[in-house]
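I have placed the structure first, in the form of structure tokens, so that the comments after it can refer back to it.
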Amino acid sequence: MIGNFVFALAIVIIGLLVGKGLRVLLDKGTISSPEKMHRILKGSTMSALLVVNPLIIFGAFWYVQLDDLRLIVIPILGAIAIALGGGLSLYAAKWLKLGRKQQGSMFASGTFTNLGSFGNLFCFVFLGEASLVFVALFRLFEDLIYYAVGFPVAQSYGENQGLKEKSLLKKLATNPFIIITLIAIVIGGSLNLSPWERPAFYADLNSVLVPIFTILLVVPTGFNLQVGKVKGYLKESFVVAAIKYGIVPVAVTILALMFGLREVYDGIAFKTIIILSAMPPGFTSLVPPQLFNLDKDLANSSWFITTVLLIFVLPVLYLMTLYL
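Mapping the sequence shown onto UniProt numbering, position 34 (from 1) lands on 34, and the numbers just tick up by one.
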């Protein structure tokens, strides 16, 4: 089992180092075409979200029996985790008497969470393929909250730099990531209810797809990582870490216990919730500061510090999955 922990950590570290290495090669001129590199990295992200992730979700929903009504609580808990992280981070920024641009960046750090590349991988490695269904359920309202609340609130603390406004419904209806994910859930769920058994090879396929999904997302993250001014925002970064790794998972875990999710699917659903509620800010948390001219250094610092601290948080999560 220790091998699973080391494997998960190695995937993340290798992906970040490869991405950072590509950035160094580009800056030194070894890679001559920045445009081509950015196209490759964008293609990496698109492939992960539009091809690999739907295949993972499709296979997982075809496999896991979803016959317990308590499972409908999981998307609500996911929404609560995201909202609580953002709300507490904004409150903390006001308590620290930060400027409006800093407040907006802390809100983004608390709201936009790494449930995909990190959460997916850790749940799969620690808990197995069955956890992937509960990951998808936990993330069901994720994009809705980001578009309906996350981006608008962040924008209110900064400047709109020519970003064209769209209605919320149009944003959701035209978002290919949402559409493809929902299609994968519907088709996989329908096959789950059908008499057709999932092919035996799919379990082995997902064991390959999940690490590939993480690598495809983490390499671009490492490439874009900027840590030049981390020292100037240590206090703010550790406050975000306390919220993301302390307050949010404790609150969400208590709610999961209250709803009886510890008994669902041999405890896998409950353990999945624990892991996902303790994930750090995602790379998406750096997007609002770029779009709305918020404090980019604070956002980068929060992302970097919380991601590094994950090295210490992961062993705790791993032990919890073993003994809870």
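Think of the CB as a built atom: it goes at the ideal place given N, C-alpha and C, for glycine as much as any other residue.
Three-state secondary structure (DSSP) of residue i
i	result
residue 341	Nothing in the structure corresponds to residue 341, since the chain is present only between 1 and 324.
Asn224	helix
Pro315	helix
Glu159	coil
Ile13	helix
Asp27	helix
Glu197	coil
Asp68	coil
Asn175	coil
Asp297	helix
Leu22	helix
Leu324	coil
Ser302	helix
Cα-Cα separation, residue i to residue j
i	j	result
Leu324	Lys271	8 Å
Ile13	Ser156	35 Å
Val208	Met279	22 Å
Val149	Gly119	22 Å
Glu142	Trp196	31 Å
Arg198	Phe304	40 Å
Tyr91	Ser194	48 Å
Leu140	Val133	11 Å
Leu121	Pro211	7 Å
Ala81	Leu25	38 Å
Gly267	Val239	31 Å
residue 325	Val316	Outside the shown range of the chain (1 to 324) lies residue 325, about which nothing can therefore be said.
Ser117	Pro152	24 Å
Lys36	Gly21	16 Å
Lys244	Thr45	25 Å
Thr30	Ile11	25 Å
Val308	Tyr63	34 Å
Neighbourhood of residue i by C-beta, 7 Å cutoff - its chain only, sequence neighbours within 5 removed
i	result
Leu163	With a pLDDT of only 49 at Leu163, under the threshold of 50, the placement of this residue in the model should not be trusted; the figure read from the coordinates follows. Cβ neighbours of Leu163 beyond the five flanking positions: Leu291.
Thr221	Leu16, Gly19 and Phe283
Leu84	Val248 and Ala251
Val125	Asn4, Phe7 and Ala8
Tyr318	Phe5 and Phe126
Val73	Phe259 and Leu261
Leu217	Thr45, Ala48, Gly116 and Ser117
Close beta carbons around residue i, own chain, < 6 Å, minus the five adjacent residues each side
i	result
Pro54	Ile180 and Ala184
Pro75	Leu137, Leu140 and Phe141
Arg100	Tyr157
Cβ distance (whole Å) where residue i is taken to contact residue j below 8 Å
i	j	result
Phe58	Leu314	With a Cβ gap of about 28 Å, Phe58 and Leu314 do not count as contacting.
Arg70	Leu261	6 Å
Ala108	Ala154	5 Å
Phe61	Asn175	Incorrect: roughly 20 Å between the Cβ atoms, too far for contact.
Phe177	Leu50	7 Å
Gly299	Ser105	In the sequence as presented, Gly is not what sits at residue 299; that position holds Ala. Ala299 to Ser105, Cβ: 4 Å. Contact.
Same chain, Cβ closer than 8 Å to residue i, neighbours up to 5 away in sequence not counted
i	result
Leu234	Ser301 and Ile305
Leu66	Val133, Gly189 and Asn192
Sequence ranges, alpha helix (DSSP H) only - wholly within the segment 87–149, length at least 4: Segments of the alpha helix (DSSP H) lying fully in the segment 87–149: 100–111, 117–127, 131–138 and 142–145.
Complete alpha helix (DSSP H) runs within the segment 232–292 (minimum length 4 residues, chain order): 234–242, 248–258, 268–277 and 287–292
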